[in-house]
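J.:
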Amino acid sequence: MKKASILMILGSLCLLGLFQFPLWNIMLGAPQYPEPLGMNIHITGIQGVSEFDLQNIDGLNHYIGMKTIPKADEMWEFNIFPIVIIAMVLLGALLGILGFFGKIDYRFFLGWFLLMSILGIMGMYDFNLWLTDYGSNLDPHAIIKVVNEDGTPMSYKPPLFGYKKLLNFDVSSMPATGAWLMFIGMLLTVIAFFVGRKSKNSVSSEKKHKLVTP
Amino acid sequence: MKKYTFHLFAILGMALFLSSCGDQNGKASSNSGLSSNNAEKVYVAPGEHDEFYAFMSGGYSGNLTVYGLPSGRMFKEIPVFSQFPTSGYGYSEETKPMLNTSFGFVPWDDAHHPDISQTNGELDGRWIFINGNNTPRIARISLSTFETEEIMEVPNSAGNHSSSFVTENTEYVVAGTRFSVPIPQRDMPINEYKGNFRGSLSFISVDPEDGHMDLKFQILMPGFNYDLSHPGRGKSHGWFFFTTYNTEEANSLLEVNASQNDKDFIAAVNWKKIEEYVANGGGTMMPAEYAHNVYDEETHTATSTLKKEVLTIDPTKVPGTVYFLPTPKSPHGVDVDPSGEYIIGNGKLSADLTIHSFDKMVAAIEAKKFDGEAYGIPILKFEDVLAGTVKSGGLGPLHTEFDGEGNAYTTFFISSEVVMWKLGTWEVVDRKPTYYSVGHLMIPGGNSRKPFGKYVVAMNKITKDRYLPTGPELEHSAQIYDISGDKMELIYDFPTHGEPHYAAGIPAELLAPKSKKIYKLSENKHPFAATGPADSKVVREGNEVHIYMSMIRSHFTPDNIEGIKVGDKVYFHVTNQEQDFDVPHGFAMIGANNSELLIMPGQTKSLVWEPKKAGVWPFYCTDFCSALHQEMQGYIRVSPAGSNTELSWSLGE
Numbered sequence: 002m003k004k005a006s007i008l009m010i011l012g013s014l015c016l017l018g019l020f021q022f023p024l025w026n027i028m029l030g031a032p033q034y035p036e037p038l039g040m041n042i043h044i045t046g047i048q049g050v051s052e053f054d055l056q057n058i059d060g061l062n063h064y065i066g067m068k069t070i071p072k073a074d075e076m077w078e079f080n081i082f083p084i085v086i087i088a089m090v091l092l093g094a095l096l097g098i099l100g101f102f103g104k105i106d107y108r109f110f111l112g113w114f115l116l117m118s119i120l121g122i123m124g125m126y127d128f129n130l131w132l133t134d135y136g137s138n139l140d141p142h143a144i145i146k147v148v149n150e151d152g153t154p155m156s157y158k159p160p161l162f163g164y165k166k167l168l169n170f171d172v173s174s175m176p177a178t179g180a181w182l183m184f185i186g187m188l189l190t191v192i193a194f195f196v197g198r199k200s201k202n203s204v205s206s207e208k209k210h211k212l213v214t215p
Numbered sequence: 085m086k087k088y089t090f091h092l093f094a095i096l097g098m099a100l101f102l103s104s105c106g107d108q109n110g111k112a113s114s115n116s117g118l119s120s121n122n123a124e125k126v127y128v129a130p131g132e133h134d135e136f137y138a139f140m141s142g143g144y145s146g147n148l149t150v151y152g153l154p155s156g157r158m159f160k161e162i163p164v165f166s167q168f169p170t171s172g173y174g175y176s177e178e179t180k181p182m183l184n185t186s187f188g189f190v191p192w193d194d195a196h197h198p199d200i201s202q203t204n205g206e207l208d209g210r211w212i213f214i215n216g217n218n219t220p221r222i223a224r225i226s227l228s229t230f231e232t233e234e235i236m237e238v239p240n241s242a243g244n245h246s247s248s249f250v251t252e253n254t255e256y257v258v259a260g261t262r263f264s265v266p267i268p269q270r271d272m273p274i275n276e277y278k279g280n281f282r283g284s285l286s287f288i289s290v291d292p293e294d295g296h297m298d299l300k301f302q303i304l305m306p307g308f309n310y311d312l313s314h315p316g317r318g319k320s321h322g323w324f325f326f327t328t329y330n331t332e333e334a335n336s337l338l339e340v341n342a343s344q345n346d347k348d349f350i351a352a353v354n355w356k357k358i359e360e361y362v363a364n365g366g367g368t369m370m371p372a373e374y375a376h377n378v379y380d381e382e383t384h385t386a387t388s389t390l391k392k393e394v395l396t397i398d399p400t401k402v403p404g405t406v407y408f409l410p411t412p413k414s415p416h417g418v419d420v421d422p423s424g425e426y427i428i429g430n431g432k433l434s435a436d437l438t439i440h441s442f443d444k445m446v447a448a449i450e451a452k453k454f455d456g457e458a459y460g461i462p463i464l465k466f467e468d469v470l471a472g473t474v475k476s477g478g479l480g481p482l483h484t485e486f487d488g489e490g491n492a493y494t495t496f497f498i499s500s501e502v503v504m505w506k507l508g509t510w511e512v513v514d515r516k517p518t519y520y521s522v523g524h525l526m527i528p529g530g531n532s533r534k535p536f537g538k539y540v541v542a543m544n545k546i547t548k549d550r551y552l553p554t555g556p557e558l559e560h561s562a563q564i565y566d567i568s569g570d571k572m573e574l575i576y577d578f579p580t581h582g583e584p585h586y587a588a589g590i591p592a593e594l595l596a597p598k599s600k601k602i603y604k605l606s607e608n609k610h611p612f613a614a615t616g617p618a619d620s621k622v623v624r625e626g627n628e629v630h631i632y633m634s635m636i637r638s639h640f641t642p643d644n645i646e647g648i649k650v651g652d653k654v655y656f657h658v659t660n661q662e663q664d665f666d667v668p669h670g671f672a673m674i675g676a677n678n679s680e681l682l683i684m685p686g687q688t689k690s691l692v693w694e695p696k697k698a699g700v701w702p703f704y705c706t707d708f709c710s711a712l713h714q715e716m717q718g719y720i721r722v723s724p725a726g727s728n729t730e731l732s733w734s735l736g737e
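Listed in order, the protein sequences are those of chains A and B.
Residue numbering for the first sequence follows our numbering, beginning at 2 and increasing consecutively.
Residue numbering for the second sequence follows our numbering, beginning at 85 and increasing consecutively.
(1) For the segment 550–563 of chain B against the segment 173–181 of chain B, are there 3 or more C-beta pairs whose distance is under 8 Å?
(2) For residue 663(B), return the contacting residues in chain A, with the cut-off set at a CB-CB distance below 9 Å.
(3) Please report whether the beta-carbon of residue 113(B) lies at a distance below 8 Å from any beta-carbon of chain A.
(4) Does the beta-carbon distance from residue 502(B) to residue 484(B) come in below 8 Å?
(5) For residue 486(B), which residues from the same chain have a beta carbon less than 8 Å from its beta carbon, with the 5 sequence-adjacent residues on both sides left out?
(6) Using a Cβ-Cβ cut-off of 7 Å (strictly less than) and excluding sequence neighbours within five positions of residue 732(B), which residues of its own chain qualify?
(7) Going straight from the alpha carbon of residue 125(A) to that of residue 291(B), what length do you get?
(8) Alpha carbon to alpha carbon, what distance is there between residue 627(B) and residue 134(A)?
(9) In chain order, what residues of the segment 132–166 of chain A put their CB closer than 9 Å to some CB of chain B?
(10) Which residues does DSSP pair with residue 655(B) in a beta bridge?
(11) Chain A beta carbons: is any one of them nearer than 8 Å to that of residue 725(B)?
(12) Is there a C-beta anywhere in chain A that falls below 8 Å from the one on residue 312(B)?
(13) Alpha carbon to alpha carbon, what distance is there between residue 29(A) and residue 70(A)?
(14) Can you name the residues of chain A whose CB is closer than 9 Å to the CB of residue 637(B)?
(15) Among 652(B), 686(B) and 656(B), which one has its Cα closest to the Cα of residue 696(B)?
(16) Per DSSP, which one or two residues make a beta bridge with residue 43(A)?
(17) Name the residue from 154(A), 150(A) and 183(A) whose alpha carbon lies nearest to the alpha carbon of residue 142(A).
(18) If contact means a Cβ-Cβ distance below 7 Å, which residues of the segment 461–491 of chain B contact chain A?
(19) Pick out the complete beta strand (DSSP E) segments inside the segment 115–185 of chain A, 3 residues or longer, and give them in chain order.
(20) Check whether the Cβ of residue 183(B) lies closer than 8 Å to any Cβ atom in chain A.
(21) Pairs of beta-carbons, one from the segment 51–69 of chain A and one from the segment 78–93 of chain A, closer than 8 Å: are there three or more?
(22) 8 Å is my cut-off, CB to CB: does residue 55(B) come that close to chain A?
(23) Specify the secondary structure class of residue 88(B) as computed by DSSP and reduced to three states.
(24) Apart from the five residues on each side of it in sequence, which residues of its chain come closer than 6 Å, Cβ to Cβ, to residue 327(B)?
(25) Kindly give me the distance between the Cβ atoms of residue 284(B) and residue 299(B), rounded to whole angstroms, as I take these residues to be in contact under 8 Å.
(26) Does DSSP put residue 54(A) in a helix, in a strand, or in coil?
(27) Assuming the contact rule is C-beta atoms closer than 8 Å, residue 198(B) and residue 148(B) should be a hit. Round their C-beta distance to whole Å, please.
(28) Who pairs with residue 733(B) in a beta bridge, going by DSSP?
(29) Taking buried to mean at least 16 other C-beta atoms within 10 Å of its own C-beta, is residue 432(B) buried or exposed?
(30) Look up residue 190(A) in the DSSP assignment and say whether it is helix, strand or coil.
(31) Among all the DSSP beta bridges, which residues are the ones paired with residue 348(B)?
(32) Could you spell out the range, first to last residue, of the alpha helix (DSSP H) harbouring residue 355(B)?
(33) Restricting to Cα atoms, I'd like to know which of 460(B), 594(B), 569(B) and 520(B) is closest to residue 405(B).
(34) Would you decide whether residue 567(B) is buried or exposed? Buried here means 16 or more other CB atoms lie within 10 Å of its CB.
(35) Would you tell me roughly how many angstroms separate the C-alpha atoms of residue 296(B) and residue 190(B), rounded to the nearest one?
(36) Beta-carbon separation of residue 569(B) and residue 136(B) under 8 Å?
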């Protein structure tokens, strides 16, 4: 159980990587942009991959009437996400410590994982809502208005995950370093759960054994 | 029927051609194999980059052109000494001071010898220097912005030709005079030239931090013609070598009168010693007038300062600093091999090359073995300093470059060829014709301690039939030889702009990574910049109107301006708000008596317009910047002089 608890602590600490590394990355390449423009989505705000990328993305987007990329203080998410992450790190570490001293059961580790997964899915859902709004809530006076075959306005929503062709742009959207660290951390907590369960089983079988032998 | 006969002849011709191919037993096929191999050598596939940059002087274009090697593709023309309406250089308020001289505004020059800055004798790719020959000037060009940053006029000089070569650590960029003149200038009979005119050799220091130039001292030499020069390197670092002709000191019909002496001189100048002498307070300050023009990258503006004096050195007062090395037949180029031992005199009226030995020269000086003197300057004995002679069999050697592998390559103007020979043994290894009458040649790094000996570029003076004809006036022609093998091989021809006198090449990897992409708006310190649309405004001061205008895809702010009157002097100060690579905007005003402006991202440029007629006059963006480029336009309402139309400006109202 001690080993499991250490894994649990390490796993939850991995989330701290989100304060250093981006959670998500969206790249926009086009014939005119052999070096693609890109944005890194951090839990604290959106940054350009290169110094002037956000400005240049906004500059292009004004043709199709998209809103400018929100600043950190323009979205509540960027205030809430860091708090949620810190809370989950503290909770995970606390569970690990309690587990280490035998105060709680390994099943709490799985509980943390499930809670984190639910929060993650909620975050993705919210992110998707924003992408949809960003890509389809367009200025009616936009310079270039592209419509689908059925006459509805084309959406410029970037993909939530993966690749999409938007007019002349190749858009890819992928988890970034911070997210990969988070996934590793979450995986560690699942391992912690199994390691904890295994050690519990072996301890109880040892106990049974001891009971039998005298 | 006629057509039919023609076809018949064509078939017969083909048959003949094919049979002749067969007769040569595969010789023709091996030839075609070679040429396709050469095609591959110069072929740079679409999207691929060249291996080298080549900076070709523009000669009478006054500018510097940037090419790729081996493709021969031209990338840019950098305006240096000539007005350039394409970008507004020399027309914009910011760059007019760049062309200021003690003679006033001189919008043209004859640009000759580019040389790239060096550290420890190797190309370092910080700056490139080039000389203006006609109104003596030296320019320094940034190799991160590829723009001219500084121009220094050279006083007491005329025909600034033995320039602009840098010493091993870019301590100095050196400028020598081709025409000797009265120093200081005065009204005197021309035929009293002999003994009265002098030639100046100018040492311009280069600040290692920002490259800023300062004319440290001028050596006042006898009144010969100082034709070309090169620094010593390695062991001869600290010396500078200048060729002379017209040691006869003729002042008329030089063609004949300056070709009488069997030998002229190479002047060897120990500049380290003179530097010491100057540091100890030596030299005479002489009144002079020369302009020093500096362009500031942050204000995007040049300033011109008129300097009033120059430190002159009489070489006879500083013994042990200048010697003459007799060199046959009016030598043109003087080139120093990468080791610094051999000083090559290219006697342009001769068949042979004369090679002097630096070690022998030092020994002869120490032994004081002189063969008389000229105007107090000791002449060394020809035999004492001679290292060897290249008996080339060609005629009219002009310039020599080196490949770093013990070979030298010399151009022969009269016999129209490049001759490859071995340093030390002086044997001719190979010779290849040029088309036609080659002047300079260039190997990347070929005048440094570390040449990149893969290609030789020959710059030919005569083009004739090399390309499709374009009337009487033709571009000059360059040719690339592959020298990676034992012999030279002509692999490509390409036309060059202006008249390249010399060129400088450098591996692309040394420059490309630090080539600037944009100017940062946040670093723009132009006093009239509108770094955001909110800064846009129109200010009247008497009859001067300053328009602080910003531009971004795809509009100007403001784009409607009223209240301008006939007789006003209108300054457009236009700032490009873009911060994206390769998104310039242009600015053109109907009836402007100057040029357009081509403004790079983050840059501010100013154009003056003096409206002469009442009306509503448009301006527009000249660079197809975006899909909405054609919409990027504006109007200015010009009212008659004395009317009281209110000054107003707007966008989108």
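For glycine and all other residues, C-beta sits at the position ideal for the given N, C-alpha and C.
Bear in mind that the values here come from a model prediction, so they are computed numbers and not experimental data.
T.: Let me lay it out:
(1) Judged by pairs of C-beta atoms under 8 Å, the segment 550–563 of chain B does not touch the segment 173–181 of chain B, as fewer than three such pairs exist.
(2) 52, 53, 56, 57 and 60
(3) At residue 113(B), the pLDDT of 41 sits below 50, so the modelled position is not reliable; the number obtained from the coordinates is stated separately. For residue 113(B), the answer is no, since every Cβ of chain A falls outside 8 Å of its Cβ.
(4) The Cβ atoms of residue 502(B) and residue 484(B) do not sit closer than 8 Å to each other.
(5) Correct list, in chain order: 419, 421, 422, 492, 493, 507, 527, 530, 531, 535 and 537.
(6) Result list for residue 732(B): 646 and 647, in chain order.
(7) 57 Å
(8) 52 Å
(9) 144 and 145
(10) 630(B) and 692(B)
(11) With 8 Å as the cut-off, residue 725(B) does not count as an interface residue toward chain A.
(12) Judged by the 8 Å Cβ criterion, residue 312(B) is not in contact with chain A.
(13) 14 Å
(14) Per Cβ cutoff of 9 Å: 60, 61, 63 and 64.
(15) Checking every option, the nearest Cα to that of residue 696(B) belongs to 652(B).
(16) 46(A)
(17) Ranking 154(A), 150(A) and 183(A) by Cα distance to residue 142(A) puts 154(A) first.
(18) Here the close residues number zero.
(19) 163–167 and 170–176
(20) no
(21) The answer is no - the segment 78–93 of chain A does not touch the segment 51–69 of chain A, with fewer than three Cβ pairs under 8 Å.
(22) Outside the modelled stretch of chain B, which goes from 85 to 737, sits residue 55(B), for which no answer is possible.
(23) Confidence in residue 88(B) is poor, its pLDDT being 46 and thus under 50, which makes the residue's placement unreliable; the coordinate value appears in the next sentence. Of the three classes helix, strand and coil, the one that applies to residue 88(B) here is helix, per DSSP.
(24) 311, 312, 350, 415 and 418
(25) In fact, because the Cβ distance is near 10 Å, the residues do not count as touching under 8 Å.
(26) helix
(27) For residue 198(B) against residue 148(B), the beta-carbon gap comes to about 6 Å, under 8 Å, which counts as contact.
(28) 645(B)
(29) buried
(30) helix
(31) Answer is 411(B).
(32) 355–363
(33) 460(B)
(34) buried
(35) Take the alpha-carbon of residue 296(B) and the one of residue 190(B): they are about 21 Å apart.
(36) No, Cβ-Cβ distance for residue 569(B) and residue 136(B) is not below 8 Å.
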